[in-house]
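Only one structure is covered here, and it is reproduced in the block below.
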Amino acid sequence: MSAADEAAVTAALVVARDALAVGEVPIGAVVLDPLGAVIASAHNERELGHDPTAHAEVVALRRAGEVLGSWHLEGCTLAVTLEPCTMCAGAIVLARIERLVFGAWDPKAGAVGSLWDVVRDRRLNHRPEVAGGVCADECAALLAGFFAAKR
0 MSAADEAAVT AALVVARDAL AVGEVPIGAV VLDPLGAVIA SAHNERELGH DPTAHAEVVA
60 LRRAGEVLGS WHLEGCTLAV TLEPCTMCAG AIVLARIERL VFGAWDPKAG AVGSLWDVVR
120 DRRLNHRPEV AGGVCADECA ALLAGFFAAK R
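Counting with numbering that gives the first Met the number 0, you get residues 0 to 150 for the letters of the sequence shown.
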């Protein structure tokens, strides 16, 4: 795990904590440009927008596209606090993200190695570099605390 990867996931954790104030599942994502500057961030917005596709990753990718004026996010890194699901993994491939860095593994819905490995499927036209398990304990603890409080 590099210091840059750890810093990126830490930035995503800050965004994830913001989700708690609005009753969203605390998952955060940041998109970094090729030089490592954060150009977009988001937390889950499914409850806010009544939108099942408003996962942190998808919202952050949309915002990065707006900033760059293109859906092609070549050279960019996406850092997220939880292993992406199949929908988000597909969006990552389609956006041409160069690197994916994530925190906690998701054994129930993960599509970057846990249940599936969408982003590294050789049949697809793009495969980002992946670093998983970065700050995993802190990311998992945030989610576990949220769901424990719900019960």
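For every residue, glycine included, the Cβ atom is placed at its ideal position computed from N, Cα and C.
It should be emphasised that the depicted structure is a prediction, and the values quoted were computed from it without experimental measurement.
Taking all protein chains shown into account, do 16 or more other C-beta atoms lie within 10 angstroms of the C-beta of residue i, making it buried, or fewer, making it exposed?
{"i": "residue 29", "result": "buried"}
{"i": "residue 117", "result": "buried"}
{"i": "residue 124", "result": "exposed"}
{"i": "residue 80", "result": "buried"}
{"i": "residue 148", "result": "exposed"}
{"i": "residue 25", "result": "buried"}
{"i": "residue 36", "result": "exposed"}
{"i": "residue 140", "result": "exposed"}
For residue i versus residue j, is the C-beta spacing smaller than 8 Å?
{"i": "residue 64", "j": "residue 104", "result": "no"}
{"i": "residue 76", "j": "residue 98", "result": "yes"}
{"i": "residue 111", "j": "residue 83", "result": "yes"}
{"i": "residue 134", "j": "residue 23", "result": "no"}
{"i": "residue 86", "j": "residue 54", "result": "yes"}
{"i": "residue 14", "j": "residue 47", "result": "no"}
{"i": "residue 19", "j": "residue 145", "result": "yes"}
{"i": "residue 109", "j": "residue 138", "result": "no"}
{"i": "residue 72", "j": "residue 95", "result": "yes"}
Hey, does residue i have any beta-carbon neighbour from chain C nearer than 8 Å?
{"i": "residue 57", "result": "Among the protein chains of the structure shown there is no chain C, as only one such chain exists."}
Please work out which residues of its chain come closer than 8 Å, Cβ to Cβ, to residue i, disregarding the five sequence neighbours upstream and downstream, and give them in chain order.
{"i": "residue 1", "result": "130"}
{"i": "residue 126", "result": "92, 118, 119, 120"}
{"i": "residue 16", "result": "25, 27, 141"}
{"i": "residue 3", "result": "35"}
{"i": "residue 128", "result": "97, 98, 99"}
Going by C-alpha distance, which of the options is nearest residue i?
{"i": "residue 59", "options": "78, 68, 48, 150", "result": "78"}
{"i": "residue 120", "options": "88, 146, 137", "result": "88"}
{"i": "residue 62", "options": "51, 31, 49, 50", "result": "31"}
Here's a check: name, in chain order, each residue in its chain whose Cβ is nearer than 7 Å to the Cβ of residue i, leaving out the five neighbours to either side.
{"i": "residue 66", "result": "38, 39"}
{"i": "residue 90", "result": "56, 57, 60"}
{"i": "residue 7", "result": "29, 31, 76, 78, 100"}
Give every residue of the same chain whose Cβ lies closer than 6 Å to the Cβ of residue i, excluding the five residues on either side of it in the sequence, and list them in chain order.
{"i": "residue 74", "result": "33, 97"}
Query raised in the report: Can you list, in chain order, the stretches of the alpha helix (DSSP H) that have 4 or more residues and sit fully within the stretch 36 to 66?
Result: List check, alpha helix (DSSP H) in window: 45 to 48.
Report task. Could you name each continuous beta strand (DSSP E) segment of 3 residues or more that falls completely within the stretch 64 to 104, going from the start of the chain to the end? Result -> Qualifying beta strand (DSSP E) stretches, in chain order: 76 to 81, 98 to 103.
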